[in-house]
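Adding 86 to a residue's 1-based position in the sequence shown gives its number in this note's numbering.
In what follows, a structure is listed as structure tokens, so that the remarks can point back to it.
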Amino acid sequence: MPTSPMKTLAITGISGFIASHIAIQALEKGYHVIGTIRSTAKADRVRSILAKHVGDKKTSNVDFREASLDAADGWVDALRGADAVLHVASPFPSGIPKDENELIRPARHGVKVVFEAALELGIERIVQTSSVAAIMYGYDGKPGHGPDGAFNESDWTVIEGPGVGAYVKSKTMAERDVWSLVDKHPSLKVTTVCPSFVQGPQLSDSLGTSGEIIVKVMRGELPGFPRLGMTFVDVRDVAALHLLALEYETTIGERLIASAYTLWLREMGEAILEEFPELKGKIKPRELPNFFVKLFALFDRETKLIVPELGNYPVASNAKARELVGWEPRSGREAVRAAARSLVELGVVSV
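What follows is the structure in structure tokens.
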């Protein structure tokens, strides 16, 4: 059973895809929320998005505070009054940066400043959003250490391995930093949550990378899909696991994989067609020949990163999350369908 006595939660980067869903569920559970944001000029927009889902009364329990991962100043004031911190904010690329440190530096610096502020304030309980990017990359097709070759929480990405780009490095190094801080400060009670490819309902037409991919598929901008498996998860289940991790003391000191099912990328197109068969003329749920992908990779840096993963069907075990907190995620196909439905409802895509 949950044992959490906490009432006020600080959620970093509250305007983000995962963080805003965490805020919605936290407000529904009766928590008071401190939400950090790069500029409080965006606060009214974020509040209105949250209010659509929980109502104005509950949204009045959100206190927006300005803080940036790029700066050390402001974090003590931003987290003051919180019983626990959910550090969700981290840079996510819209493409491959020219300098990998554009992603690595703020991710690692964010861990440093948030944890230092928490320590100064005497906040011990922290849930850190990491990623399966810190677990299952750089293995060159080799299996993980879980049953049947699945990756589990004992696995760590090999950052020197093939196909490991800046984002994967940033998440791996940032989580390594988290556990180094825990070693130095035993008073910290930390859990890391490692989501896979996050889909599910978008809350606004301001889209991140995951939403933009679904838009491209629905608009018929992709000629097909690389023969590549990816682990999927619904954002609502990711949000729920963050709060469950916070509420169950059995998760302290643990990494928790937040992943539902692995899909071949073409199955993403199939799932959208299940929801919107009228898009049959636009969506082509076929696999592209590997040689075509490799040829295209000669001219496209993003495609080049996936070449070492072609043909792989990685599986990430969620057994620990199920066992420790009773987590039961939706299917990967439902996560994709929900994303597509939300994009139509928001008017981003017409069908």
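Even for Gly, the Cβ is constructed at its ideal location relative to N, Cα and C.
- Non-local C-beta neighbours of residue 362 in its own chain, meaning closer than 6 angstroms and more than five positions away in sequence, comprise 437, ordered along the chain.
- Under DSSP, the beta-bridge partners assigned to residue 214 are 173, 278.
- Across the structure, residue 373 and residue 385 are spaced so that their CA atoms are roughly 20 angstroms apart.
- Taking the Cα of residue 422 as reference, the smallest distance to any Cα among 258, 299, 199, 93 is reached at 299.
- In the DSSP assignment, residue 316 falls within the unbroken beta strand (DSSP E) covering 315-320.
- Residue 396 has its alpha-carbon roughly 13 angstroms from the corresponding atom of residue 382.
- With 16 or more neighbouring CB atoms inside 10 Å of its own CB, residue 331 falls in the buried class.
- The beta strand (DSSP E) runs lying completely inside the region 202-276 and spanning 3 residues or more are 211-215, given in chain order.
- For residue 161, the three-state secondary structure derived from DSSP is helix.
- As summarised for the region 372-431, the continuous alpha helix (DSSP H) elements at least 4 residues long and confined to that stretch are 376-383, 387-392, 405-411, 418-431, given in chain order.
- Secondary structure note for residue 148: its beta strand (DSSP E) is the uninterrupted segment 148-152.
- CA-to-CA, the gap between residue 415 and residue 133 works out to about 27 angstroms.
- Taking 7 angstroms as the cut-off, the Cβ atoms of residue 250 and residue 223 count as close.
- Scanning its chain for C-beta atoms nearer than 6 angstroms, with the 5 sequence neighbours on each side dropped, one finds around residue 354 the residues 422, in chain order.
- For residue 111, the enclosing alpha helix (DSSP H) has its first and last residue at 103-114.
- For residue 348 against residue 400, the beta-carbon gap comes to about 6 angstroms, under 8 angstroms, which counts as contact.
- Counting only the Cα atoms, residue 142 lies some 35 angstroms from residue 257.
- Under the three-state reduction of DSSP, residue 312 is assigned to strand.
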